[in-house]
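FYI, in this note's numbering the residues of the sequence shown are 995 to 1116.
C-beta atoms are modelled at their ideal positions from N, C-alpha and C, and glycine is treated no differently.
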Amino acid sequence: TYRLPTEAGWENAGRGPGAAYRKYHWGDKVELRQANFRLDFGMAGVPATVGSYPANAFGLHDMHSNVSEWCSDWYEDYPDAGDEVDPRGPPRGKLRASRGGSCQIMADACRAASRSWPLPAL
């Protein structure tokens, strides 16, 4: 059985082990050799082949940038989950949570904690 990750699950997978407070799984600064993001507002990005950038410690590639990734949670204010390991978002909503950023947005919006909310129909 496959399912979309929760936002909390995606963030854990995106950061990788031991990177709890870093912006990206490799640290806090980003270069084009590490991720596929937009350099400025006048340049549109193009998705790269999966695996074009270094994997994190879990062996997952392209967790920051390239293409946005849907999560199973609906977009709402992020819950204060306390000690809960994999908190779930609300059971329904209008906007679906997305993580990871894409090649068409700036690098800061591709960091592990960055959230977006595209319409589910897009």
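Discussion item. Our contact map puts Pro1041 next to Val1061 with C-beta atoms below 8 angstroms; I'd like the distance itself, whole angstroms only.
Written reply: By 1-based counting over the sequence shown, the position of residue 1041 is 47. By 1-based counting over the sequence shown, the position of residue 1061 is 67. 6 angstroms between Cβ atoms; contact.
Practice prompt. Check each candidate in Arg1086, Arg1109, Gly1083 and name the one with the smallest Cα separation from Arg1093.
Written response: Stepping through the sequence shown from its first residue, residue 1093 is reached at position 99. Residue Arg1109 is the option with its Cα nearest to Arg1093.
Worksheet item: Along the chain, where does the alpha helix (DSSP H) that runs through Ala1002 open and close?
Response: Position 8 of the sequence shown, counting from 1, holds the residue named residue 1002. Following the DSSP letters along the chain, one finds Ala1002 inside the alpha helix (DSSP H) bounded by residues 1001 to 1009.
Worksheet item: Is the Cβ-Cβ distance between Gly1045 and Cys1097 less than 7 angstroms?
Response: As a position in the sequence shown, residue 1045 is number 51, starting the count at 1. As a position in the sequence shown, residue 1097 is number 103, starting the count at 1. No; because the gap between Cβ atoms is not below 7 angstroms, this pair is not in contact.
Worksheet item: Starting from Ala1029 and walking both ways along the beta strand (DSSP E), at which residues does that stretch end?
Response: Sequence index remark: in the sequence shown, residue 1029 carries index 35 (1-based). It is not in any beta strand (DSSP E) - Ala1029 carries neither H nor E in the DSSP assignment.
Fill in: Cβ shell of Glu1063 (< 6 angstroms), same chain only, five flanking positions each side left out
What you label residue 1063 is simply residue 69 of the sequence shown in a count that begins at 1. Taken in chain order, the residues that qualify are Arg1093, Gly1094.
Worksheet item: For Lys1003, which residues from the same chain have a beta carbon less than 6 angstroms from its beta carbon, with the 5 sequence-adjacent residues on both sides left out?
Response: Residue mapping note: residue 1003 aligns to position 9 of the sequence shown, counting from 1. Lys is not the amino acid found at residue 1003; the sequence shown has Gly there. Once the five neighbours on either side are set aside, the close Cβ partners of Gly1003 are Asp1080.
Worksheet entry | Contacts around Leu1116, its chain only, beta-carbon distance under 8 angstroms, and the 5 residues preceding and following it disregarded | In the sequence shown, counting from the first residue as 1, residue 1116 sits at position 122. Confidence at Leu1116 is low in this model, with a pLDDT of 49, below 50, so its placement is unreliable and the value that follows should be read with caution. Counting only Cβ-Cβ distances below 8 angstroms, and skipping sequence neighbours, we find nothing.
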